[in-house]
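Student: In our numbering, the protein residues as written are 166 to 221.
We put the CB at the ideal spot given by N, CA and C, even for glycine.
So that we are looking at the same thing, I have put the structure below in structure tokens.
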């Protein structure tokens, strides 16, 4: 849905482009479609709390 006013008024972002930006946002933060990646959990010192089978 386009914004009603401002610099981007009436210029909606195509759905595909929007989803690509969301995917990139989460990737940069160490997440994927299932949640935090194993690498992200390790970087936070949480690997002891992880079910390793869920990451294979």
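Are residue 167 and residue 181 closer than 7 Å when you measure CB to CB?
Tutor: no
Student: What are the boundary residues of the alpha helix (DSSP H) that includes residue 180?
Tutor: 180–193
Student: Going by the beta-carbon positions, is the gap between residue 215 and residue 209 smaller than 7 Å?
Tutor: no
Student: DSSP on residue 206, reduced to helix/strand/coil?
Tutor: helix
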